[in-house]
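Heads up, the thing below is written out as C-alpha cells.
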Amino acid sequence: MNTNRLVLSGKICNAPIKKVSPAGVPHCQLVIEHRSQQQESGFVRQVWCRITIIASGKKLQQVTHSVTVGSRITVIGFISSHKGANGLTNLVIHAEQIKLIDSGDYPNGTLFPSS
39 MNTNRLVLSG
49 KICNAPIKKV
59 SPAGVPHCQL
69 VIEHRSQQQE
79 SGFVRQVWCR
89 ITIIASGKKL
99 QQVTHSVTVG
109 SRITVIGFIS
119 SHKGANGLTN
129 LVIHAEQIKL
139 IDSGDYPNGT
149 LFPSS
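In the numbering used here, the protein residues as written are 39 to 153.
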C-alpha cells in the first residue's frame, strides 16, 4: 500500500461551503492558510500555503458546524487532486480528523504568526 497521509495546521480563511450529496452525505469545503518556519538544509525557511479541505460525513459535520473564518484547526487526512469548474487541477486534503485549536495555545511567533 502506498502512503498518503498529511497533518496540517492553519487558519480558516474563507467562509465554509456546506452541501449535501444526492445520497444524503454532508460535505463541507474549507480553505486554510498555513504559515510556519521550517528547517531545511540547516536554514530556517518561511513556509506559507493555502489549501482546500474537504470534510465529508456526519462525524466531521459536528466539528465543521462550529468553524468560522479565523478559526484555527489541525486537519489529518489524505491528499488528492480535484479538477475545478475552470478546468484547473488542485491538490485538496480529504479530512479524516479535524481538531479545533484554542488560539491562546499558539502565541505569535510560533505556529501561527500574525498575517
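Virtual Cβ for every residue (Gly too), placed ideally from N, Cα, C.
Asked	Found
When you compare only the Cα positions, how much space is there between I55 and L68?	7 Å
So for F150, helix, strand or coil by DSSP?	The pLDDT assigned to F150 is 38, lower than 50, so where the model puts this residue is not dependable, and the model offers no usable value.
Between N42 and the rest of its own chain, which residues show a CB-CB distance below 7 Å, the 5 nearest in sequence each way excluded?	F116 and I117
On the DSSP bridge list, what partners appear for L68?	I91
At a cut of 8 Å, does the stretch 77-84 reach the stretch 100-117 through at least three beta carbon pairs?	no
In whole angstroms, what is the alpha-carbon distance linking M39 and S74?	31 Å
According to the Cβ coordinates, are H65 and I92 closer than 8 Å?	yes
For the alpha helix (DSSP H) containing V101, list its first residue and its last residue.	K96 to T102
Helix, strand or coil: how does DSSP classify R83 here?	strand
Nearest to I131 by CA position, among S59, I114, N124 and G125, is which residue?	I114
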